[in-house]
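Quick notes on the structure that follows.
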Ligand code: V55
Ligand code: FE
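Residue numbers (the numbering used here): 659 to 1149.
Dropping the structure here:
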């Protein structure tokens, strides 16, 4: 039953999908040493799994919010010789500091300054909630609407915004930069760099030691959410989708993005060496939205771009521009291919399998190479019942490994009332073959309001976890994470 909030209540979160049950804010910053382990953490798995989540510190200023707008809370699971310790810390953003001082929300709707309390006009609204990056010996929390926030990997203390010693001239940085495993170079981009609904996209070439050595700008056909990118040895590619930022709507206090399927889906391909003057545009035969990329690879003159793609926009988060009855459709893994030797602008599209999914990962040592396998979150009703919808839609009940050579799908079903999140692939050793790694995955135990972390052998998901690390509490559902080598966390 919904209990109305009495006017005399103190601080209260709304009783809505984003704020209740397993999705409710956790807000606890703390440390748990020597977590319970069922089974054995693999020998040699020393380092840390660190990831970002959005965990609202305050009830929303205007009574409701989307889950993308929570405050960045970082979860760090440190592995040392079979033992595991957990650390959770908020990113100390300017937003969180101001709101803590005021003991209430001051920032309004997602990325909409026109809905903020006047007392924070001009203040950085970064939530730092989407992903983490370890590169050049530095750890960052990333949000595509703002600068990276540097963190101390041992303490998770916030060191402040990072603009690459002044070389990053815009005000944003993607949450999905790509590390070239062959060179150690970081390929990154920024959109909305001028702070408004601009069409400019900045590209960044960042050396293995973290120096921003080259920056160039190109223009997209319209201003939209550019969440991810694809990187192969010789190219950078973007799928520009009509999740439009319409500044007139934003000024009226409406959502930052609106789904406008009257606009084309365009693929930009930029040669890494030549840069933006070599850009080519291709036109997709279908309208929809890339949710996350899987991998890109080259085969002669053909560039293959593998990603999850939905024929609808992301309507659980943002409205449709013209059809209030439109509903969200699930994403599937697709291979989009463009021929750079041909003068035409066509894209050919092939569905990689028939399993709905999202949150893909690959063995990161093979980014830019043809990979035989990838991993993703999914629900497979043949293995267990679907779970009640959360703020992101239906929770995953399974992880899946897709084999692109045989078509085989290998599933890990997490059990009743259990929801795996995006996994992390860690190779068993530096020279282990492709796919020979551990898959670390946060699993919600929804009925218990608690969280586990499982470690699976990436070669055999159906065999179930080699170790289940039992947290004594819930940590908030997250987005994306990475692996920190032992030396980063003092091992
Ligand atoms: C995404 C996530 C975001 C965001 C924009 O997963 C896009 C897509 C967690 O924040 O601000
Ligand atoms: Fe993402």
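Note that the Cβ used here is the ideal one computed from N, Cα and C, for glycine as well. Note that the coordinates shown come from a computational prediction; the quantities given were computed from them, not determined experimentally.
For the region 719-738 and the region 778-792, state whether three or more C-beta atom pairs, one from each stretch, are separated by less than 8 Å.
As far as the Cβ criterion goes, the region 719-738 touches the region 778-792, which means the pair count is three or higher.
Through-space distance from residue 918 to residue 769, alpha-carbon basis:
For residue 769 and residue 918, the distance between alpha carbons rounds to 19 Å.
The alpha helix (DSSP H) that contains residue 908, what's its start and end?
Run containing residue 908: 905-909, per the alpha helix (DSSP H) assignment.
Just list the beta strand (DSSP E) runs in the region 721-751, keeping only unbroken ones of 3 residues or longer that don't cross its boundaries, in chain order.
List check, beta strand (DSSP E) in window: 730-738 and 741-748.
Residue 720 classed as buried or exposed, judged by whether at least 16 other C-beta atoms fall within 10 angstroms
Residue 720 is exposed by the Cβ-count criterion.
Closest residue to residue 708 among 1125, 749 and 1040 (Cα-Cα distance):
Measuring from the Cα of residue 708, the nearest candidate turns out to be 749.
Starting from the N-terminal side, write out each stretch of the alpha helix (DSSP H) that is 4 residues or longer and does not extend beyond the region 788-868.
If one requires a minimum length of 4 residues, no alpha helix (DSSP H) run lies completely within the region 788-868.
Grab the span of the beta strand (DSSP E) containing residue 1115 for me, first residue to last.
Segment 1108-1115, the beta strand (DSSP E) holding residue 1115.
Less than 8 Å separating the Cβ of residue 789 from some heavy atom of the ligand FE?
Because some heavy atom of the ligand FE lies under 8 Å away, the Cβ of residue 789 counts as near it: yes.
Any heavy atom of the ligand V55 closer than 8 Å to the CB of residue 615?
Nothing about residue 615 can be read from this structure; the chain reaches only from 659 to 1149.
Please report the Cβ distance between residue 1081 and residue 1056, rounded to the nearest whole angstrom; I am assuming they are in contact, meaning their Cβ atoms lie under 8 Å.
About 11 Å; that fails the 8 Å criterion.
Would you identify the three-state DSSP class for residue 1077, choosing helix, strand or coil?
It is a strand residue.
Segment limits, beta strand (DSSP E) that includes residue 772:
Residue 772 -> no beta strand (DSSP E), and no H or E assigned at all.
Going by C-alpha distance, which of 843, 1110 and 763 is nearest residue 791?
With respect to the C-alpha of residue 791, the residue from 843, 1110 and 763 having the closest C-alpha is 843.
Give the single residue among 1141, 1107 and 1132 whose Cα lies nearest to the Cα of residue 1097.
Taking only the C-alpha atoms, the option nearest residue 1097 is 1141.
Could you spell out where the beta strand (DSSP E) holding residue 920 opens and where it closes?
If you look at residue 920, you'll find it isn't in any beta strand (DSSP E); DSSP assigns it neither H nor E.
According to DSSP, is residue 1085 helix, strand or coil?
Strand.
With a CB to CB cut of under 8 Å and the five nearest residues on each side skipped, what residues in its chain are close to residue 986?
Around residue 986: 968, 970, 971, 972, 973, 974 and 1051.
Would you check if the distance between the CB atom of residue 697 and the CB atom of residue 1126 is smaller than 9 Å?
Yes.
As assigned by DSSP and simplified to three states, the class of residue 659
Residue placement at residue 659 is poorly supported in this model, since its pLDDT is 41, which falls under 50; the coordinates are not used for a value here.
Secondary structure at residue 914, three-state DSSP: helix, strand or coil?
In this structure, residue 914 counts as coil in the three-state DSSP scheme.
Please name the residue, chosen from 934, 873 and 1101, that lies closest to residue 1070 on a Cα-to-Cα basis.
Of the listed residues, the one whose Cα sits closest to residue 1070 is 1101.
Nearest-angstrom Cα separation, counted from residue 1089 out to residue 723:
C-alpha separation (whole angstroms): 45 Å.
Just tell me which of 1118, 1109 and 1024 has its CA closest to the CA of residue 744.
Looking from the CA of residue 744, the closest CA among 1118, 1109 and 1024 belongs to 1109.
Any non-hydrogen atom of the ligand MN within 8 Å of residue 1054 CB
This structure does not include the ligand MN; its bound ligands are the ligand V55 and the ligand FE.
Check whether the Cβ of residue 833 lies closer than 8 Å to any heavy atom of the ligand FE, and answer yes or no.
Within 8 Å of the C-beta of residue 833 there is at least one heavy atom belonging to the ligand FE.
contact_flag[the region 827-838, the region 1016-1028] where n(CB pairs < 8 Å) is 3 or more
Yes, they touch.
Taking 8 Å as the threshold, find out whether the region 902-913 comes into contact with the region 818-827 through three or more Cβ pairs.
They do not touch, by the three-pair rule.
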